[in-house]
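Quick note: the sequence shown uses the numbering used here, first residue 1394, plus one each step. Ideal Cβ positions, reconstructed from N, Cα and C, are used throughout, including at glycine. These numbers were taken from a predicted model, which means no experiment stands behind them. First up is the structure itself, then whatever we jot down about it.
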Amino acid sequence: MKSGLPTSDLYHEAIQNPRLVFTDQQLKTGTVVKDGFGLPEVAGGGFALTYRIKTPDVGKDFAVRVFHKESNEIANRYQHISNFLNSTRSPYFVGFEFQPEGILVQGTRFPVVRMEWVEGQTLGTVIDDNVGNSGRLMQLRTDICRLGEHLAQKRIAHGDLQIDNILVAKTGLKLVDYDGMFVPGMPFRQSSELGHRNFQHPERAEQHFDHALDRFSLILLDFSIELASACPAIYRKFNTGNNIIFTTADMQSPGSSEVFRSLFADATFKISAKRFADLCQTRFEKIPTPGDYFTGIWIPTVHLKSSAQHGSSRTYIGAYPIIDGMDYASALRRIGDQVELIGQITDVRMLFKRGRGGGRYAFINFGNWKGRITKIVIWPSHLHKFSPPPDASWIGKWVSVTGLLQPPYHNEKHGYTHISIEATKQGQIHEITESDARYRLGQQPIQPSKQSNRGILDGLTRVPPLPRAPAPPRPPSGASDPSTPNQKILDGLKKTSSPSPTSQGTTPSVPQSRPISIPQPRSPSVPVPTPLPKSVKSNGSNWGCLIIVFIFLLVLFLSSKK
């Protein structure tokens, strides 16, 4: 890949002329899908931007990914990925082609990835639409379990399994965004990306790059969807639009996490939450297969860290870079990036767009609209998802919004320039307090709660493990291999302890999450004394003997008198 990649605004300008800039003959006949400003509609993530190209002459649409950030040998990586997937037919991946010189930008050719466009909903949308629907979400868990089996069988890893990279189509689950994939035969020793932080183990680093990359993400997805099904209130409280239940901050410090505290207090999920907390603090290299985790073969050997171990104040840990909504210059430097924009709303404008695709839309401003500001845009196609819709009551409120920073839009007539984030779902925008906003922006520390989860967890070690809700069927092959060290430990425990009753059929109970010492057999040559029952007192038997002796002497005395 050439150095000096184009910026997102240069790609925006070029891609509006497909016939002139693409080398692919099918893409040349297409048109790019545009947003309400008349600019190309774009999705971002990692170091690539994705555009949708409609090609009526071909009879299908394409997703075109272009790269605006340097990546470690992306061309060679995609060549290996392409070769492997083309030789291994998989229902979870879509057809794609890496084109080393696919697009012309200012006289220089740069690579693109052309993928078949998949019609479907993102995993996040399906979960959000079915919160509390146990049947639909159980089926989703089953589908994800089978996806994990397939990846394990092929010894490949996607590298970024999360709510926006898994699509739910009519034909089943489909994976998109292959930038960080691992396939057998790759000569690379490092990952090109680390994935979405809210769906990755806290210890994941560049040196972790093999077929086991997705293990933690698969376990996290299953547990999170289970909670969304059984605990709608938990989901609605902790879902941010960029996660399901947990954030990277929760997983880095379960001992001071509010969501973990809520789960530890729940009679149904306190044991499984403790187990997942232990997994979050297990070394990355020790993450078990989903099969070992779900069947209870994996035995955690870590202790939960309390909030006291993290100092008197904490720094906010977000999934994306934090941008002050009033800092236009900082936003300008992050164009084309996924960010968390935090600010106080100064104005809300409801407008109407005429013509095709028209309707009511909203501008939510951080600053005077006549100048250079950042703002949130909700176009007509998405405004119906916001209930209630934004209005003047929003003015003065502090909010956090996550999304892709779009290239600046300049209006010559009114002389303003705006950088925007397009909100497509209600979960993208969250009202927060001013103190929380300043904490996230690093303007003031926040004191951690004096209540630590350590005490709650100490109590969990004194209660019997509860049966977990039914896990998805068919763990990956080899998950319960009796020859594994953990299985041998469990077999030994079964022989040296009496079975504990369960309340649900034959569902295996999850072992308690504390270090386990294996009992050693006693030597048969050493006698084991039997302790005297506490209800028997030795001085009572001595008094009985004295009474008998006294009666015997009395009888002898009376006989001698006769």
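* Between the segment 1686-1696 and the segment 1664-1678, do three or more beta carbon pairs fall short of 8 Å? -> yes
* What residue does the alpha helix (DSSP H) around Leu1403 start on, and which one ends it? -> Counted from its first residue, the sequence shown places residue 1403 at position 10. It spans 1401-1408 - the alpha helix (DSSP H) in which Leu1403 sits, taken as one unbroken run.
* Asked: So, using beta-carbon positions, are Val1511 and Ala1441 closer together than 8 Å?
  -> Numbered from its first residue, the sequence shown carries residue 1511 at position 118. Numbered from its first residue, the sequence shown carries residue 1441 at position 48. Contact: no.
* Rounded to whole angstroms, what's the CA-CA distance from Lys1421 to Gln1837? Just pull it up for me. => For the purposes of this step, residue 1421 is taken as the residue at position 28 of the sequence shown. For the purposes of this step, residue 1837 is taken as the residue at position 444 of the sequence shown. So the two alpha carbons sit approximately 52 Å from each other.
* Taking Thr1661 as the reference, give the member of Glu1619, Gly1684, Ala1642, Asp1643 with the closest Cα. => For this step, residue 1661 is matched to residue 268 along the sequence shown. Closest option to Thr1661, Cα to Cα, is Glu1619.
* To do: Identify whether Pro1681 lies in helix, strand or coil by the three-state DSSP scheme.
  => One-based indexing of the sequence shown puts residue 1681 at position 288. In this structure, Pro1681 counts as coil in the three-state DSSP scheme.
* Express the C-alpha separation of Gly1452 and His1594 in angstroms, rounding to a whole number. => Residue 1594 sits at position 201 when you count from the first residue of the sequence shown. Residue 1452 sits at position 59 when you count from the first residue of the sequence shown. Taking the straight line joining both Cα atoms gives about 41 Å.
* Length-filtered (4 minimum) alpha helix (DSSP H) runs lying within the segment 1624-1684 -> 1625-1631, 1641-1645, 1651-1657, 1663-1673
* Between the C-alpha atoms of Lys1547 and Leu1560, what's the straight-line distance to the nearest angstrom? -> Counted from its first residue, the sequence shown places residue 1547 at position 154. Counted from its first residue, the sequence shown places residue 1560 at position 167. Their Cα atoms are separated by approximately 20 Å.
* Asked: Which residues bound the alpha helix (DSSP H) around Arg1412?
  -> One-based indexing of the sequence shown puts residue 1412 at position 19. Per DSSP, Arg1412 belongs to the alpha helix (DSSP H) from 1411-1414.
* Could you pull the start and end residues of the beta strand (DSSP E) that Gly1736 belongs to? => On the sequence shown, residue 1736 is found 343 positions in, with the first residue counted as 1. Note, Gly1736: beta strand (DSSP E), 1731-1737.
* Asked: Could you give the residue range of the alpha helix (DSSP H) that holds Ala1830?
  -> The count along the sequence shown starts at 1 and reaches residue 1830 at position 437. Its alpha helix (DSSP H) spans residues 1827-1833.
* **C-beta contact flag for Gly1796 and Gln1737 at 8 Å** => Counted from its first residue, the sequence shown places residue 1796 at position 403. Counted from its first residue, the sequence shown places residue 1737 at position 344. For Gly1796 and Gln1737, no; Cβs fall outside 8 Å.
* To do: Check whether the Cβ atoms of Ile1769 and Thr1739 lie closer than 8 Å to each other.
  => Taking the first residue of the sequence shown as position 1, residue 1769 is located at position 376. Taking the first residue of the sequence shown as position 1, residue 1739 is located at position 346. No, the pair does not count as a contact, with Cβ atoms beyond the cut-off.
* To do: Give the DSSP-derived three-state secondary structure of Pro1484 in the structure shown.
  => Within the sequence shown, the letter at position 91 stands for residue 1484. Looking at Pro1484 - three-state DSSP - the assignment turns out to be coil, as it is neither helix nor strand.
* **Member of Ser1584, Asn1526, Phe1575, Gly1513 whose CA lies at the smallest distance from the CA of Ile1556** => Position 163 of the sequence shown, counted from the first residue, corresponds to residue 1556. Ranking Ser1584, Asn1526, Phe1575, Gly1513 by Cα distance to Ile1556 puts Gly1513 first.
* If you draw a straight line from the alpha carbon of Asp1720 to that of Phe1677, how long is it in whole angstroms? -> For the purposes of this step, residue 1720 is identified with residue 327 of the sequence shown, where counting begins at 1. For the purposes of this step, residue 1677 is identified with residue 284 of the sequence shown, where counting begins at 1. So the alpha carbons of these two residues sit roughly 37 Å apart.
* Give the single residue among Thr1448, Lys1462, Phe1455, Gln1419 whose Cα lies nearest to the Cα of Tyr1404. => By one-based count along the sequence shown, residue 1404 stands at place 11. Of the listed residues, the one whose Cα sits closest to Tyr1404 is Lys1462.
* Alpha-carbon spacing of Met1508 relative to Gln1799, whole angstroms -> Within the sequence shown, numbered from 1, the residue matching residue 1508 stands at position 115. Within the sequence shown, numbered from 1, the residue matching residue 1799 stands at position 406. Their Cα atoms are separated by approximately 22 Å.
* Between the segment 1521-1528 and the segment 1596-1611, do three or more beta carbon pairs fall short of 8 Å? -> no
* Asked: Helix or strand or just coil, what does DSSP make of Asp1740?
  -> Here residue 1740 refers to the residue found at position 347 when the sequence shown is read from its first residue. In this structure, Asp1740 counts as strand in the three-state DSSP scheme.
* Would you mind sorting His1803 into buried or exposed? The rule is 16 or more other CB atoms within 10 Å of its CB. => Your numbering for residue 1803 matches position 410 in the sequence shown. Answer is exposed; the Cβ neighbour count stays below 16.
* Val1770 bridges to which residues according to DSSP? -> For the purposes of this step, residue 1770 is taken as the residue at position 377 of the sequence shown. In the DSSP output, where bridge partners are listed per residue, Val1770 has Phe1756, Glu1815.
* **CB of Asp1615 within 8 Å of CB of Ile1537, strictly** => Position 222 of the sequence shown holds residue 1615. Position 144 of the sequence shown holds residue 1537. Yes, they are a contact pair.
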